[in-house]
Amino acid sequence: AQSVTQLGSHVSVSEGALVLLRCNYSSSVPPYLFWYVQYPNQGLQLLLKYTTGATLVKGINGFEAEFKKSETSFHLTKPSAHMSDAAEYFCAVSRSSNYKLTFGKGTLLTVNP
Amino acid sequence: EADIYQTPRYLVIGTGKKITLECSQTMGHDKMYWYQQDPGMELHLIHYSYGVNSTEKGDLSSESTVSRIRTEHFPLTLESARPSHTSQYLCASSESGTVGEKLFFGSGTQLSVL
């Protein structure tokens, strides 16, 4: 079985501040982990993914995430928020490269000027 | 970047109507998916297909049905819509054979059943 918990359904930051979106997972096997972003009135798009190898993964738009097996976490960060980062962010887990994704409930990021 | 299209974008219909939500992709992907998304809830997989003439039910039980007669087309049908079917439906596709497959999503169909 696999599941994802995203802590905080809504996160609000000021422009230029650190963005931290939390994701914890459970998986009976080594996981594949993903962050997707959904901008208003658009479909989800992949931000970054962890499969194997380096635990710090860099994605698009300056985002990165670190896989911490001991904490079963895959938190998403960005050093300095931009207004254009306002969106909903979804963490997802898969137990293999060909297995279906399980998504979290999403975290809505608001960026204040 | 995404070449996956869903129509209509919004649909408001009365109870008991038959509806079909369209999904097409031009990337030649083998795998296609339908997710149901409600505000503040997880995306739930309701149907998936790994190729032509292959369809499977997902993790969340749904009264909808799907077909996959052509690689690029994966429509979802509700024979008799009910208010409980009100939701956002997202279609996605992915390419087989890559490690940690990337899903490409359409913009979704927001269905409201009155």
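If you're matching them up, the sequences are chains B and A in order.
Residue numbering for the first sequence follows my numbering, beginning at 3 and increasing consecutively.
Residue numbering for the second sequence follows my numbering, beginning at 6 and increasing consecutively.
Virtual Cβ for every residue (Gly too), placed ideally from N, Cα, C.
For A/H90, the three-state DSSP class (helix, strand or coil)
Stepping through the second sequence from its first residue, residue 90 of chain A is reached at position 85. It is helical.
For A/T20 and A/T70, the rounded distance between their alpha carbons
As a working mapping, residue 70 of chain A is identified with position 65 in the second sequence. As a working mapping, residue 20 of chain A is identified with position 15 in the second sequence. Near 17 Å, if we compare the C-alpha coordinates of A/T20 and A/T70.
Tell me whether B/G64 sits in a helix, a strand or coil according to DSSP, three-state version.
Within the first sequence, residue 64 of chain B is the residue found at index 62, counting from 1. In this structure, B/G64 counts as helix in the three-state DSSP scheme.
For the stretch 21–49 of chain A, which residues have a beta carbon sitting closer than 7 Å to at least one beta carbon of chain B?
Taking a C-beta cut-off of 7 Å against chain B, the contacting residues of the stretch 21–49 of chain A are G45, M46, E47 and L48, listed in chain order.
Could you check what DSSP says for B/K71 in three-state terms: helix, strand or coil?
Within the first sequence, numbered from 1, the residue matching residue 71 of chain B stands at position 69. Taken through DSSP and simplified to helix, strand or coil, B/K71 comes out as helix.
Among A/R14, A/M37, A/M32 and A/K36, nearest to A/L26 - alpha-carbon criterion:
What you label residue 26 of chain A is simply residue 21 of the second sequence in a count that begins at 1. Ranking the options by Cα distance to A/L26, first place goes to A/R14.
Using only alpha-carbon positions, find the residue among A/S117, A/S72, A/S112 and A/Y53 that is nearest to A/R87.
Sequence index remark: in the second sequence, residue 87 of chain A carries index 82 (1-based). Nearest of A/S117, A/S72, A/S112 and A/Y53 to A/R87, Cα basis: A/S117.
Using a Cβ-Cβ cut-off of less than 9 Å, give me the residues of the stretch 9–41 of chain B that come near chain A, in sequence order.
Those residues of the stretch 9–41 of chain B that come within reach of chain A (Cβ to Cβ, closer than 9 Å) are S11, Y34, L35, F36, Y38 and Q40.
Beta bridge counterpart(s) of B/N26 as assigned by DSSP
Residue 26 of chain B sits at position 24 when you count from the first residue of the first sequence. In DSSP, B/N26 forms a bridge with B/T7 and B/S75.
For A/Y40 versus A/L95, is the C-beta distance shorter than 8 Å?
For the purposes of this step, residue 40 of chain A is taken as the residue at position 35 of the second sequence. For the purposes of this step, residue 95 of chain A is taken as the residue at position 90 of the second sequence. A Cβ-Cβ contact shorter than 8 Å links A/Y40 with A/L95.
Assumed close pair B/A83, B/V39 - CB separation to whole angstroms, cut-off 8 Å:
Translated into the one-based positions of the first sequence, residue 83 of chain B becomes position 81. Translated into the one-based positions of the first sequence, residue 39 of chain B becomes position 37. B/A83 to B/V39, Cβ: 13 Å. No contact.
Is any beta-carbon of chain B found at less than 8 Å from that of A/K107?
By one-based count along the second sequence, residue 107 of chain A stands at place 102. Interface flag for A/K107 against chain B is set, since a Cβ pair is found closer than 8 Å.
With three or more C-beta pairs closer than 8 Å as the rule, is the stretch 66–82 of chain B touching the stretch 27–37 of chain B?
Contact check between the stretch 27–37 of chain B and the stretch 66–82 of chain B: three or more CB pairs, one atom from each, fall below 8 Å, which counts as touching.
If you draw a straight line from the C-alpha of A/Q42 to the C-alpha of A/S99, how long is it?
As a first step, residue 42 of chain A must be located in the second sequence, where it is residue number 37. As a first step, residue 99 of chain A must be located in the second sequence, where it is residue number 94. Pairing A/Q42 with A/S99, the inter-Cα distance amounts to about 19 Å.
Residue closest to A/H90, alpha-carbon to alpha-carbon, out of A/L108, A/S59, A/E68 and A/E77
Residue 90 of chain A sits at position 85 when you count from the first residue of the second sequence. Comparing Cα-Cα distances from A/H90 to each of A/L108, A/S59, A/E68 and A/E77, the minimum goes to A/E68.
With 9 Å as the limit, tell me which residues of the stretch 43–54 of chain B have their beta carbon closer than that to any beta carbon of chain A; keep them in chain order.
Going along the stretch 43–54 of chain B in chain order, one finds N43, Q44, G45, L46, Q47, L48, K51, Y52, T53 and T54 with a Cβ nearer than 9 Å to chain A.
Does chain B have any CB closer than 8 Å to the CB of A/L65?
Taking the first residue of the second sequence as position 1, residue 65 of chain A is located at position 60. No, its Cβ sits nowhere closer than 8 Å to a Cβ of chain B.
Using the beta-carbon of each residue, which ones in chain B are nearer than 8 Å to A/G113?
For this step, residue 113 of chain A is matched to residue 108 along the second sequence. Under the 8 Å cutoff, chain B gives G45.
Proximity of A/F79 and A/M37 at Cβ, strictly below 8 Å
Your numbering for residue 79 of chain A matches position 74 in the second sequence. Your numbering for residue 37 of chain A matches position 32 in the second sequence. Between A/F79 and A/M37, the C-beta gap is smaller than 8 Å, which places the two residues in contact.
Residues near B/L58 in its chain [Cβ-Cβ closer than 6 Å; skip 5 each side]:
For the purposes of this step, residue 58 of chain B is taken as residue 56 along the first sequence, with counting starting at 1. Same-chain partners within the cutoff: E68.
Where A/M32 sits in the DSSP three-state scheme
Taking the first residue of the second sequence as 1, we reach residue 32 of chain A at position 27. A/M32 falls in the coil class under three-state DSSP.
When burial is assigned at 16 or more other CB atoms within 10 Å of the CB, is A/E61 buried or exposed?
The residue given as residue 61 of chain A occupies position 56 in the second sequence. Answer is exposed; the Cβ neighbour count stays below 16.
Answer with buried or exposed for B/Y34, where buried requires no fewer than 16 other C-beta atoms within 10 angstroms of its C-beta.
Locating residue 34 of chain B in the first sequence gives position 32, counting from the first residue. Buried, because 16 or more other Cβ atoms sit within 10 Å of the Cβ of B/Y34.
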